[in-house]
Amino acid sequence: MIQQFLLRFGEDIGVHTFQHIYLTFISLTLSACIAIPLGIFLTKTRHKKLVGVIMNLANITQTIPTLALLALTVTLFIVVNRIAGGAEWYREGGLIPTIGRLPAITALVLYALLPILRNTYTGIKQVDSALLEVARGMGMSQRQIMTQVELPLALPFMMAGVRISAVWTIGIATLCGLIGAGGLGDLILIGLRSNRFDYLLAGTIPAAILALIFDGLMSLLERWLTPIGLRTAGGIG
Amino acid sequence: MILFENVSKVYDGGVSAVKDLCLQIRKNEVLVFLGTSGSGKTTCIKMVNRLEEVTSGRILVDGIDVKQYDPITLRRKMGYAVQHIGLLPHMTVAKNIAIVPQLLHWEQDRIDHHVRELLDIVGLFPDEFSDRYPHQLSGGQQQRVGVARALAADPAILLMDEPFGAIDPITRYVLQDAFLNLQKSLRKTVVFVTHDIFEAVKLGDCIALLDDGKLQQLDTPAQLIHKPANRFVQQFLGTQRFQLMLLTRNLGEIIDTNSLKKSDERLPEGLPATVCLTDSILDVLDTCKKDESAFLVIQDDEGVVGRLEKKDIMTALSRLLKNWVNT
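Chains as they are written, first to last, in our numbering: chain Y, 1 to 237; chain E, 238 to 564.
Here's what the structure looks like:
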């Protein structure tokens with residue numbers, strides 16, 4: 001039976017899984033590229049209010065239901081097109097595509113920001129201030145303190161943030177099928193619309209397995225990036 | 238040489254931590270800032286390497302105002318050791334010690350060689366400890382690494398902010414002895430901060446007693462104990478002053494060295510115990526208590542100079558105490 005299932009859906013699963021990974025990977029990379037520098041910046045800025053504002057923004061993004069965020073992104077893109085292209089609400093070949101991968105990735109990036117941002121910020125903030133003063137007292141420059149003390153010690157935290165985001169993104173990416181971005185969500189949607197249990201399984205099972213694999217890989221990476229002196233499990237590094 | 242000229246420090250928010258401090262730390266000497274918490278002693282040490290800036294007055298290092306140095310260059314010239322050790326947990330012992338030499342771009346061979354030397358100096362086997370991480374060391378071993386790290390770039394000046402504060406009394410005692418031995422051979426100019434008067438008396442060539450940011454007395458340990466400058470100093474010494482007095486006076490000061498009985502007859506091997514004229518009276522009493530014979534063998538730098546009946550020591554001691562109580 002499993003063999004029949006794979007014969008029937010093997011190709012579909014392959015293609016959609018690849019799309020799914022593509023969506024997740026691009027979104028996660030972009031998100032990390034924004035959130036990590038932003039998080040570092042927030043620990044250094046003198047404007048304490050800015051920290052509150054940005055953290056709240058990221059928090060709010062998180063509280064918007066995923067489906068609504070997708071819809072909002074699409075709407076936002078339509079508005080952008082309208083401003084750029086004149087009076088029509090929607091027309092083919094506008095400035096930016098309003099459905100498909102671009103709005104999907106935008107929404108996913110927004111969603112994945114918070115865990116990475118928050119963990120980068122707290123990861124750096126939790127570094128013992130006495131340690132920083134010793135580093136300063138030994139004659140390290142601000143940049144040396146950052147690269148030799150703060151970042152290595154914050155790395156496990158940052159990686160944990162990326163890992164949370166990765167698992168979330170894989171789950172949420174199934175919804176992106178709704179706006180034509182592809183991925184395993186497509187199979188699930190077909191299953192739902194036509195009441196086909198086999199399609200539902202063909203979408204759901206790979207998505208779950210993908211989440212587990214990503215989680216496993218990330219935790220390996222997290223452990224690998226944790227400085228040896230901080231690894232507790234296993235005692236002597 | 239380090240010179241404090243009318244140094245004051247007022248923190249943002251108006252807290253005045255140091256008030257009009259003038260003092261001099263001579264080359265190759267250990268100056269101890271002593272005081273309760275909040276007395277400004279840590280601020281004093283941090284102003285030397287500009288972790289804190291002076292509000293008014295100035296601090297001169299080798300005749301140059303510290304403000305004229307680039308703070309980073311200044312700090313790399315001085316070893317810095319602190320309470321709670323401050324070893325970087327993600328670096329091995331060797332890497333921790335190598336931080337400042339690395340910052341100064343020493344050659345790797347020279348660094349490796351020097352790190353091994355330093356570990357030897359502070360009494361840790363290089364082969365055993367180089368590649369360990371701080372969390373794999375005991376508190377005392379971490380402190381030793383902290384001291385080695387402060388010595389790493391061979392600075393002329395050492396700043397030590399309660400370096401032995403966070404460890405048990407026995408280990409602290411051992412480390413203090415190790416520090417004294419080191420200082421005998423290395424002869425650094427040391428600025429040392431502690432709240433422990435016994436540590437101050439034991440390690441300091443000079444003690445600056447601070448209270449509420451004001452210098453109460455600047456003196457040698459013996460002078461501080463014997464001639465407290467004011468009521469605060471007396472209170473600070475408290476009842477410990479008796480023990481401190483016995484710690485700062487040595488045997489040579491209370492006995493008449495001419496009256497020593499020359500040891501013509503052969504002394505039994507190993508017995509009785511030997512003490513030096515420069516040993517503190519406290520140590521001599523300790524030896525008296527441990528040893529059962531009726532007399533002690535007295536030594537000076539050159540060798541045995543004679544022997545002394547225990548009861549003579551007691552007589553001298555009671556004379557000293559009588560004088561002490563009456564003044």
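Positions of the beta carbon are idealized from the N, C-alpha and C atoms, including for glycine. All figures in this text were calculated on a predicted structure; none of them were measured in a lab.
Taking C-beta to C-beta, are residue i and residue j nearer than 8 angstroms?
i: glycine 323 of chain E; j: glycine 383 of chain E; result: yes
i: leucine 533 of chain E; j: leucine 545 of chain E; result: yes
i: glycine 483 of chain E; j: valine 438 of chain E; result: It should be noted that the sequence gives leucine, not glycine, for residue 483 of chain E. No, the pair does not count as a contact, with Cβ atoms beyond the cut-off.
i: isoleucine 535 of chain E; j: isoleucine 491 of chain E; result: no
i: glycine 306 of chain Y; j: arginine 381 of chain E; result: In the structure displayed, chain Y extends from 1 to 237; residue 306 of chain Y sits before or after that span and is not available.
i: leucine 355 of chain E; j: alanine 385 of chain E; result: yes
i: glycine 316 of chain E; j: leucine 388 of chain E; result: yes
i: isoleucine 96 of chain Y; j: valine 80 of chain Y; result: yes
i: isoleucine 251 of chain E; j: glycine 450 of chain E; result: Strictly speaking, residue 251 of chain E in this sequence is glycine, with isoleucine absent from that position. No, Cβ-Cβ distance for glycine 251 of chain E and glycine 450 of chain E is not below 8 angstroms.
i: alanine 166 of chain Y; j: threonine 24 of chain Y; result: yes
i: serine 129 of chain Y; j: isoleucine 309 of chain E; result: no
i: aspartate 12 of chain Y; j: leucine 192 of chain Y; result: no
i: serine 163 of chain Y; j: glutamate 222 of chain Y; result: For the sequence presented, residue 163 of chain Y should be read as arginine rather than serine. The answer is yes: Cβ separation under 8 angstroms.
i: threonine 329 of chain E; j: aspartate 368 of chain E; result: yes
i: proline 465 of chain E; j: threonine 485 of chain E; result: no
i: asparagine 487 of chain E; j: aspartate 516 of chain E; result: yes
i: valine 127 of chain Y; j: leucine 110 of chain Y; result: no
i: asparagine 467 of chain E; j: glutamine 453 of chain E; result: yes
i: isoleucine 172 of chain Y; j: isoleucine 105 of chain Y; result: no
Mapping DSSP to helix, strand and coil, what is residue i?
i: serine 141 of chain Y; result: coil
i: arginine 101 of chain Y; result: helix
i: tyrosine 22 of chain Y; result: helix
i: leucine 514 of chain E; result: coil
i: proline 338 of chain E; result: helix
i: lysine 451 of chain E; result: strand
i: serine 375 of chain E; result: coil
i: arginine 622 of chain E; result: The displayed coordinates of chain E run from 238 to 564. Any statement about residue 622 of chain E would go beyond what the structure contains.
i: aspartate 456 of chain E; result: strand
i: alanine 207 of chain Y; result: helix
i: valine 127 of chain Y; result: coil
i: isoleucine 64 of chain Y; result: coil
i: valine 359 of chain E; result: coil
i: valine 384 of chain E; result: helix
i: alanine 107 of chain Y; result: helix
i: serine 276 of chain E; result: coil
i: aspartate 302 of chain E; result: strand
i: isoleucine 36 of chain Y; result: helix
i: leucine 230 of chain Y; result: helix
i: valine 252 of chain E; result: coil
i: aspartate 537 of chain E; result: strand
i: threonine 564 of chain E; result: coil
Note down, in chain order, each residue of its chain lying with its Cβ closer than 6 angstroms to the Cβ of residue i, except the 5 sequence neighbours on either side.
i: aspartate 537 of chain E; result: Leu514
i: glutamate 189 of chain Y; result: This sequence places leucine at residue 189 of chain Y; glutamate is not what is there. The answer, listed in chain order, is Gly177.
i: glutamine 62 of chain Y; result: Leu114
i: methionine 397 of chain E; result: Ala318, Phe429
i: alanine 207 of chain Y; result: Thr174, Leu184
i: threonine 408 of chain E; result: Gly377
i: alanine 107 of chain Y; result: Leu69, Leu70, Thr73
i: cysteine 525 of chain E; result: Lys547
i: glycine 235 of chain Y; result: Because the pLDDT at glycine 235 of chain Y is just 35, under 50, the model does not fix this residue reliably, and the value given afterwards should be weighed accordingly. Hits under 6 angstroms: none found.
i: isoleucine 550 of chain E; result: none
Tell me which same chain residues have a C-beta within less than 7 angstroms of the C-beta of residue i, skipping the five on either side of it?
i: alanine 233 of chain Y; result: Because the pLDDT of alanine 233 of chain Y is 42, which lies under 50, any placement of that residue in the model is unreliable, and the number read from its coordinates should be weighed accordingly. Correct list: empty, nothing qualifies.
i: arginine 263 of chain E; result: Met238
i: valine 255 of chain E; result: Val244, Ser245, Lys246, Gly277, Thr280, Cys281, Gly450
Tell me, please, which residues DSSP counts as bridged to residue i.
i: glutamate 242 of chain E; result: E:Arg295
i: alanine 318 of chain E; result: E:Met397
i: glutamate 546 of chain E; result: E:Phe532
i: asparagine 59 of chain Y; result: In DSSP, asparagine 59 of chain Y forms no bridge with anything.
i: cysteine 525 of chain E; result: For cysteine 525 of chain E, which the question treats as bridged, DSSP gives no partner whatsoever.
i: asparagine 588 of chain E; result: Past the boundaries of the shown model lies residue 588 of chain E; chain E is included only from 238 to 564, so the question cannot be answered.
i: leucine 260 of chain E; result: E:Phe241
i: isoleucine 444 of chain E; result: E:Val269, E:Asp456
Between which residues of its own chain and residue i is the CB-CB distance below 8 angstroms, once the five residues before and five after are set aside?
i: valine 74 of chain Y; result: Thr98, Ile99, Pro103, Ile179
If you measure from the CB of residue i, is any heavy atom of the ligand ADP nearer than 7 angstroms?
i: threonine 408 of chain E; result: In the structure on display, the ligand ADP does not appear, and there are no ligands present to speak of.
Problem - Segment contact flag, the stretch 266 to 284 of chain E with the stretch 440 to 450 of chain E, C-beta cutoff 8 angstroms, min 3 pairs - result: yes
Practice task
Check whether the stretch 188 to 205 of chain Y touches the stretch 127 to 141 of chain Y, counting contact only when three or more Cβ pairs, one atom from each stretch, lie closer than 8 angstroms.
Solution key: no
Handout entry: At least three beta-carbon pairs within less than 8 angstroms, the stretch 330 to 338 of chain E to the stretch 407 to 424 of chain E
Key = no
Practice task
Take every Cβ of the stretch 111 to 126 of chain Y, pair it with every Cβ of the stretch 27 to 40 of chain Y, and state whether three or more of those distances are shorter than 8 angstroms.
Solution key: yes
Handout entry: Inter-stretch contact at 8 angstroms, needing at least 3 Cβ pairs: the stretch 120 to 128 of chain Y / the stretch 153 to 166 of chain Y
Key = yes
Problem - Validate contact between the stretch 278 to 297 of chain E and the stretch 354 to 371 of chain E using beta carbons, cut 8 angstroms, 3 pairs - result: no
Exercise for the section: For the stretch 138 to 154 of chain Y and the stretch 53 to 71 of chain Y, state whether three or more C-beta atom pairs, one from each stretch, are separated by less than 8 angstroms. Expected result: no
Practice task
Please confirm if the stretch 238 to 252 of chain E is in contact with the stretch 287 to 302 of chain E, defined as three or more CB-CB distances below 8 angstroms between the two stretches.
Solution key: yes
Handout entry: Members of the stretch 135 to 153 of chain Y near chain C, C-beta cut-off 9 angstroms
Key = Going by chain labels, chain C is absent from the structure shown, which instead holds the protein chains Y and E.
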